[in-house]
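In the working numbering, the protein residues as written are 5 to 187. Heads up, the beta-carbon is just placed ideally off N, CA and C, and yes, glycines get one too.
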Ligand code: SF4
Ligand code: SF4
């Protein structure tokens with residue numbers, strides 16, 4: 005059966021301590037969308053939704069969807085839809101990055117066209133959070149210009165709090181992770 009959620013049973017300490025995004029968010033940050041330079045792993049569920057919306061996406065990015073993905077699937081079932089595939093990069097950015105402006109066509113489809121938020125790969129919705137082997141963790145902070153890492157970050161929320169809406173949609177939260185989140 006295809007998973008509608010990914011199960012997590014633990015949360016690392018730094019997820020509970022590190023400051024989250026402040027009011028400036030991604031669009032107010034001078035990061036040049038550096039987190040999108042490497043492409044991303046796309047959940048099978050997101051992949052299917054991307055193909056269901058192919059006309060509008062291809063018109064925006066100017067690339068056929070078949071050219072946007074690597075050929076090999078991960079066969080890793082810790083993704084929505086039980087599998088994932090990597091995006092390709094073009095001109096130094098993920099295939100789905102908007103041309104000549106900040107942002108991503110998949111985020112834009114959710115905010116402007118009311119497409120299900122599950123069209124956005126989980127890894128992109130959760131950033132800088134990530135997961136593996138049932139544990140929610142934080143990425144390696146390699147994007148030095150990212151909003152949450154700035155010295156003037158005035159956020160009073162942790163990264164778990166700022167990403168909580170996505171955490172709750174993507175994960176089935178059990179065990180120690182459930183205790184931490186409900187405390
Ligand atoms: S997640 Fe960070 S690096 Fe990526 S667009 Fe937002 S502020 Fe920029
Ligand atoms: S899918 Fe969108 S948010 Fe994710 S890496 Fe690609 S352009 Fe960035």
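According to the DSSP assignment, residue 11 belongs to the beta strand (DSSP E) that extends over 10–12. Its Cα nearest to that of residue 91, the residue 41 stands out among 41, 118, 21 and 167. In the DSSP assignment, residue 179 falls within the unbroken alpha helix (DSSP H) covering 179–186. In the structure shown, residue 83 falls within a coil segment according to DSSP collapsed to helix, strand and coil. Contact between residue 19 and residue 142 is confirmed by a C-beta separation of about 5 Å, below the 8 Å threshold. Put simply, the backbone Cα of residue 98 is about 24 Å away from that of residue 140.
The three-state reading of DSSP puts residue 74 in strand, counting E and B together. With a threshold of 16 other beta carbon atoms within 10 Å, residue 49 meets it and is buried.
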